[in-house]
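Asks: Pasting a structure below so you can have a look.
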Ligand SMILES: Cc1cc2nc3c(=O)[nH]c(=O)nc-3n(C[C@H](O)[C@H](O)[C@H](O)COP(=O)(O)O)c2cc1C
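Numbering (the numbering used here), first residue to last: 753 to 963.
Below, the structure written as structure tokens:
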């Protein structure tokens with residue numbers, strides 16, 4: 753009788769050990785699975801991004817706006833100079849002033865907000881490297897646009913710099929100091945209609961090893 757009980761206890765112990773080992777193995781593989789999902793969603797957001805110029809009346813949550821700015825500032829910059837500054841525009845009067853003044857940014861009138869991505873010349877590299885600020889601010893902009901798509905938002909890059917006329921108009925509307933150059937204005941909101949990205953894949957543009 754005692755040995756029978758001992759056998760049952762032993763069998764139970766083996767089963768518990770087996771279950772624990774299986775669970776431990778599952779936990780160990782989880783981070784890998786998470787990484788794979790994160791990669792998939794990044795690629796999906798990149799592929800789904802398209803310029804969105806019509807927005808619904810739905811408000812954009814504060815956390816989503818912060819996520820856009822975090823994504824922008826996560827971008828690489830030359831010598832890690834981070835020569836950017838962002839103006840988050842929610843004031844309807846300012847959005848209307850942008851729409852009324854800049855022909856190419858008319859959609860700001862219907863946007864819930866807009867973000868002006870600017871270069872800060874006090875942080876830009878000196879000499880020949882100064883213009884790297886344009887690439888730095890562009891990388892930040894693209895990150896922001898992808899983050900907008902990933903969060904179900906719609907946005908469009910409306911170009912300001914290097915147009916001297918547009919730059920002067922935006923400088924005036926936003927009260928920008930001399931050392932701040934607006935690269936673009938990005939109107940943002942929830943898309944008014946379904947977004948269909950263009951398929952731009954073109955293998956003929958790729959060269960391998962030499963031209
Ligand atoms: C530097 C730059 C400037 C742009 N300026 C404007 C603009 O002033 N107004 C506008 O409606 N779209 C503007 N766009 C968006 C382009 O028109 C758009 O990216 C292009 O047509 C490709 O479409 P997609 O973004 O949907 O892929 C600009 C894009 C870039 C990169």
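For each residue, glycine too, the CB sits at the ideal point set by N, CA and C.
What ranges does the alpha helix (DSSP H) occupy inside the stretch 783-837, keeping only unbroken runs of at least 4 residues that lie completely in it?
Replies: The qualifying runs are 814-825.
Asks: Taking C-beta to C-beta, are residue 960 and residue 904 nearer than 8 Å?
Replies: Contact: no.
Asks: What did DSSP end up calling residue 905 once you bin it into helix, strand or coil?
Replies: DSSP places residue 905 in coil when its eight states are reduced to three.
Asks: For the beta strand (DSSP E) that contains residue 869, what are its first and last residues?
Replies: Where residue 869 is concerned, the enclosing beta strand (DSSP E) stretches over 865-872.
Asks: With DSSP run on the structure shown, which of helix, strand or coil describes residue 963?
Replies: In this structure, residue 963 counts as coil in the three-state DSSP scheme.
Asks: Does residue 935 come out as helix, strand or coil in the three-state DSSP assignment?
Replies: Strand at residue 935.
Asks: What residue range is occupied by the uninterrupted alpha helix (DSSP H) comprising residue 847?
Replies: Counting along the chain, the alpha helix (DSSP H) containing residue 847 begins and ends at 844-853.
Asks: Taking all protein chains shown into account, do 16 or more other C-beta atoms lie within 10 angstroms of the C-beta of residue 828, making it buried, or fewer, making it exposed?
Replies: The residue is exposed, with fewer than 16 neighbouring Cβ atoms inside 10 Å.
Asks: Are the CB atoms of residue 868 and residue 860 within a distance shorter than 8 Å?
Replies: In this structure, residue 868 does not lie closer than 8 Å to residue 860 by Cβ.
Asks: Rounded to a whole number of angstroms, what is the C-alpha to C-alpha distance between residue 846 and residue 923?
Replies: Approximately 12 Å between the Cα atoms of the pair.
Asks: Does the beta-carbon of residue 853, which I'm using as the reference point, lie nearer than 7 Å to any heavy atom of ligand 1?
Replies: No, ligand 1 has no heavy atom inside 7 Å of this Cβ.
Asks: Over the uninterrupted alpha helix (DSSP H) stretch that includes residue 921, give me the two end residues.
Replies: Per DSSP, residue 921 belongs to the alpha helix (DSSP H) from 916-926.
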